[in-house]
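Below: the structure, in structure tokens.
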Amino acid sequence: MAKPLQEYARKRDFNATPEPSGKRSRGKRAHALQFCIQKHDASHLHYDFRLELDGTLKSWAIPKGPSLDPKVRRLAVHVEDHPLDYADFEGHIPEGHYGAGDVIVWDRGIWEPEGDAREAYAKGKLRFRLQGEKLGGVWNLFRTHLAGKKEQWMLVKSHDSQARSEADYSIVDAQPDSVLSDRTLVPRKPAAKKAAAPRRKTASKSRKVPLPAQLQPQLATLVDSPPSGDWRYEVKFK
Numbered sequence: 112m113a114k115p116l117q118e119y120a121r122k123r124d125f126n127a128t129p130e131p132s133g134k135r136s137r138g139k140r141a142h143a144l145q146f147c148i149q150k151h152d153a154s155h156l157h158y159d160f161r162l163e164l165d166g167t168l169k170s171w172a173i174p175k176g177p178s179l180d181p182k183v184r185r186l187a188v189h190v191e192d193h194p195l196d197y198a199d200f201e202g203h204i205p206e207g208h209y210g211a212g213d214v215i216v217w218d219r220g221i222w223e224p225e226g227d228a229r230e231a232y233a234k235g236k237l238r239f240r241l242q243g244e245k246l247g248g249v250w251n252l253f254r255t256h257l258a259g260k261k262e263q264w265m266l267v268k269s270h271d272s273q274a275r276s277e278a279d280y281s282i283v284d285a286q287p288d289s290v291l292s293d294r295t296l297v298p299r300k301p302a303a304k305k306a307a308a309p310r311r312k313t314a315s316k317s318r319k320v321p322l323p324a325q326l327q328p329q330l331a332t333l334v335d336s337p338p339s340g341d342w343r344y345e346v347k348f349k
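The opening position of the sequence shown corresponds to residue 112 in our numbering, with each subsequent residue numbered one higher.
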């Protein structure tokens, strides 16, 4: 059976990336379960939602980030487990490495599952309460049957006092900053495509002809009036 963090470690070179290697653990003493949401400006800006369970952070990539509107379902793509100390990670993942780009901790706190968390996770239907610095109230995270290389889940806010209409308030736009530092991520603009160099016109095939023995100069011709149109002309004096 594969170790929980085997896939996480396989994708990373810890001699090059500042991400935690996952060697530290919190021990087996009872403690509140942590959650975090990291804003990640990789190839596309997205939000990584992580819930502590069984010694790792179960993780989902949410392209548009969470919404406080119960009518809005946000796609959450299930990705590999992350180590617990990843919840405090902020920094820059170097170019050429998995997940290259900047990371900030957008929110953090504790989560309280309703019922048995392990059983609910296995069934693909989690319901829980968040107590974060930005997010609160009851949330639902459930697996769908949508096709994809990875499991497609949905994150939805429940109707409660913490819910708000997306049209009135977008929390990701209203509160873009880190909760750990003064960092703010500004999405990188894609590099502009270089304009293609104009094609040079190639001369059409021509046939070789001998030069004439003598070249006659082009002489001016007398006319009564200059020609019409956009022509340049000169006066010929007798």
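Built from N, CA and C at the ideal position, the CB exists for glycine as well.
Quick caveat: nothing in here was measured; it's all calculated off a predicted structure.
- Taking C-alpha positions only, Ser132 is separated from Asp196 by approximately 9 Å.
- Within the same chain, and ignoring the five residues on either side of Ile148 in sequence, the residues whose Cβ sits closer than 6 Å to its Cβ are Tyr158, Phe160, Trp217, Asp218.
- The residues Asp213, in chain order, have a CB closer than 7 Å to that of His203 in the same chain once the five nearest residues on each side in sequence are set aside.
- In the three-state reduction of the DSSP assignment, Arg184 falls in the coil class, being assigned neither a helical nor a strand state.
- Spanning the alpha carbons of Val190 and Phe125 requires a straight line of approximately 19 Å.
- Rounded to the nearest angstrom, the gap between the Cα atoms of Val290 and Ala258 is 34 Å.
- Look at Gln117 here: in three-state DSSP terms it is helix.
- In the displayed model, Lys245 falls within coil according to three-state DSSP, outside both helix and strand.
- Secondary structure at Glu230: helix, using DSSP grouped into helix, strand and coil.
- In this chain, the alpha helix (DSSP H) harbouring Asp284 covers 282-285.
- Rounded to whole angstroms, Asp271 and Leu144 show a C-alpha spacing of 22 Å.
- In this structure, Arg238 sits away from Leu179, with a CB-CB distance that is not shorter than 7 Å.
- In the structure shown, Tyr197 adopts helical secondary structure according to DSSP, grouped into three states.
- Secondary structure note for Gln263: its beta strand (DSSP E) is the uninterrupted segment 263-268.
- Listed in chain order, the non-local C-beta contacts of Ala172 below 6 Å within the same chain comprise His157, Asp159, Val188, Val190, local neighbours out to five positions each way being set aside.
- For Arg161, the enclosing beta strand (DSSP E) begins and ends at 156-164.
- Sequence-distant partners of Glu201 (beyond 5 residues in either direction) whose C-beta falls short of 7 Å from its own C-beta, in its chain, are Val214, Ile215, Val216, Ser289, Leu291, Ser292, Arg294.
- Straight through space, the alpha carbons of Glu262 and Ala153 are spaced by roughly 20 Å.
- Counted as a single uninterrupted DSSP element, the stretch harbouring Val290 is not any beta strand (DSSP E), since DSSP gives it neither H nor E.
- Inter-residue distance for Lys175 and Pro224 is about 24 Å (C-alpha atoms, whole angstroms).
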